[in-house]
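2 protein chains.
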Amino acid sequence: MARLNKKAIKVLQGKNFAFLATLNPDGSPQVTPVWADTDGKNLLVNTAAGRVKERNMARDPRVAVSIIDMKNPYYMVSVDGVVRASLKGKKADDHIDSLSFRFTGQKKYQGRRTPDEQRVIFVIEPTKVREQ
Amino acid sequence: MARLNKKAIKVLQGKNFAFLATLNPDGSPQVTPVWADTDGKNLLVNTAAGRVKERNMARDPRVAVSIIDMKNPYYMVSVDGVVRASLKGKKADDHIDSLSFRFTGQKKYQGRRTPDEQRVIFVIEPTKVREQ
Chain G
1 MARLNKKAIK
11 VLQGKNFAFL
21 ATLNPDGSPQ
31 VTPVWADTDG
41 KNLLVNTAAG
51 RVKERNMARD
61 PRVAVSIIDM
71 KNPYYMVSVD
81 GVVRASLKGK
91 KADDHIDSLS
101 FRFTGQKKYQ
111 GRRTPDEQRV
121 IFVIEPTKVR
131 EQ
Chain W
1001 MARLNKKAIK
1011 VLQGKNFAFL
1021 ATLNPDGSPQ
1031 VTPVWADTDG
1041 KNLLVNTAAG
1051 RVKERNMARD
1061 PRVAVSIIDM
1071 KNPYYMVSVD
1081 GVVRASLKGK
1091 KADDHIDSLS
1101 FRFTGQKKYQ
1111 GRRTPDEQRV
1121 IFVIEPTKVR
1131 EQ
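So this is what it looks like as structure tokens:
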């Protein structure tokens, strides 16, 4: 396991986007922005069940993430990682609400498109961390 | 070939970062920020010969790119694409200088680390474009 330093943790816990690369079924890469988060050791990505990145991570746990500090776009953290766990239910719902509050000021996440949308937290263990 | 619309072209020709995902030799994804650019049809990525993303694109042309508008981070363009050409020499040197001017105000790119650094432009044909 590679370690996130204090500055990387601060950026990951700030109002910043993380660009998450996953692998499609044919092995080609996919990349999308997600709200950045970390528990101090792992990256936490909250998405909805059924989305491309969710299906990709469920099938192949290898991911890469790049995060820039929106206040200083020349500070960058790149993380190679492996999905170690996925959490659904209340934990994932509470987590997306806390991210919604951080990013939008709204205590309840408004982005749900369907009433039966299931949120999922992917816990990503860093295997390599680079700062630039 | 998928088409970039006017708004996507504007964001790609603005002072924005593109997050480029490539494939490592073992098939795992790699992602790094690059200065965004387009000729109106293709994405243009300027990097240095020998870097990880350069070796990755030379080996496997499949890439994915995600770009957000720094002025409006909730406008996002994602592009799946294929590397169709790579250009070295004066074209690539002039191109990095023009990007340097756009992004930093400096007419000569200052980022060269070694005097013998070779710049390369990768011409990426979009195969799928999504806006969000």
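From first to last, the protein sequence lines are chains G and W.
Residues in the first sequence are numbered consecutively from 1, following this note's numbering.
Residues in the second sequence are numbered consecutively from 1001, following this note's numbering.
We put the beta carbon where it would ideally sit given N, CA and C, even for glycine.
What residue from G/85, G/8, G/2 has the CA that sits closest to residue 131 of chain G's CA?
-> The count along the first sequence starts at 1 and reaches residue 131 of chain G at position 131. By alpha-carbon distance to residue 131 of chain G, the top candidate from G/85, G/8, G/2 is G/8.
Anything in the region 1008 to 1039 of chain W with a Cβ closer than 7 angstroms to a Cβ of chain G? List those residues in chain order, please.
-> The region 1008 to 1039 of chain W vs chain G, Cβ under 7 angstroms: 1017, 1019, 1021, 1022, 1023, 1027, 1028, 1029, 1030, 1031, 1032, 1033.
Between the C-alpha atoms of residue 1053 of chain W and residue 1090 of chain W, what's the straight-line distance to the nearest angstrom?
-> Within the second sequence, residue 1053 of chain W is the residue found at index 53, counting from 1. Within the second sequence, residue 1090 of chain W is the residue found at index 90, counting from 1. When only Cα atoms are considered, residue 1053 of chain W and residue 1090 of chain W end up about 21 angstroms apart.
First through last residue of the alpha helix (DSSP H) which encompasses residue 1094 of chain W | In the second sequence, residue 1094 of chain W corresponds to position 94, counting from 1. Taken as a continuous stretch (DSSP letters only), the alpha helix (DSSP H) holding residue 1094 of chain W covers 1090 to 1104.
Who are the neighbours of residue 1062 of chain W on chain G, taking C-beta pairs under 7 angstroms?
-> Residue mapping note: residue 1062 of chain W aligns to position 62 of the second sequence, counting from 1. The answer, in chain order, is 28, 29.
In chain order, what residues of the same chain lie with their CB nearer than 8 angstroms to the CB of residue 1030 of chain W, ignoring the 5 residues before and after it?
-> If you number the second sequence from 1, residue 1030 of chain W lands on position 30. Once the five neighbours on either side are set aside, the close Cβ partners of residue 1030 of chain W are 1021, 1022, 1023, 1024, 1052, 1053, 1056.
Is residue 1095 of chain W near the ligand FAD, judged by its Cβ being under 8 angstroms from some heavy atom?
-> This structure does not include the ligand FAD; it has no bound ligands of any sort.
Among the residues of its own chain, which have a CB less than 7 angstroms from the CB of residue 2 of chain G, if the five just before and after it don't count?
-> By one-based count along the first sequence, residue 2 of chain G stands at place 2. The answer, listed in chain order, is 126, 127, 128, 129.
Those residues which DSSP pairs with residue 1083 of chain W across a bridge = As a working note, residue 1083 of chain W is residue 83 in the second sequence. Residue pairing of residue 1083 of chain W in beta bridges, as defined by DSSP: W/1124.
Could you work out which residues of chain G lie near residue 1086 of chain W, taking near to mean beta carbons separated by less than 7 angstroms?
-> Position 86 of the second sequence, counting from 1, holds the residue named residue 1086 of chain W. Those do not exist, as residue 1086 of chain W stays about 18 angstroms from chain G at its closest Cβ, beyond 7 angstroms.
Length-filtered (3 minimum) beta strand (DSSP E) runs lying within the region 1009 to 1066 of chain W | Within the region 1009 to 1066 of chain W, complete beta strand (DSSP E) segments of at least 3 residues are found at 1017 to 1023, 1029 to 1035, 1043 to 1048, given in chain order.
Could you tell me which chain G residues have their CB closer than 7 angstroms to the CB of residue 1124 of chain W, listed as they occur along the chain?
-> On the second sequence, residue 1124 of chain W is found 124 positions in, with the first residue counted as 1. None at all; the shortest Cβ gap to chain G is about 12 angstroms.
Contacting positions in the region 65 to 84 of chain G - beta carbon closer than 8 angstroms to chain W = Using a CB distance below 8 angstroms, the part of the region 65 to 84 of chain G facing chain W consists of 65, 66, 68, 70, 73, 76, 78, 80, ordered along the chain.
Beta-carbon proximity of residue 1044 of chain W to residue 1124 of chain W, cut-off 9 angstroms = In the second sequence, residue 1044 of chain W corresponds to position 44, counting from 1. In the second sequence, residue 1124 of chain W corresponds to position 124, counting from 1. Taking 9 angstroms as the cut-off, the beta carbon of residue 1044 of chain W is found closer than this to the beta carbon of residue 1124 of chain W.
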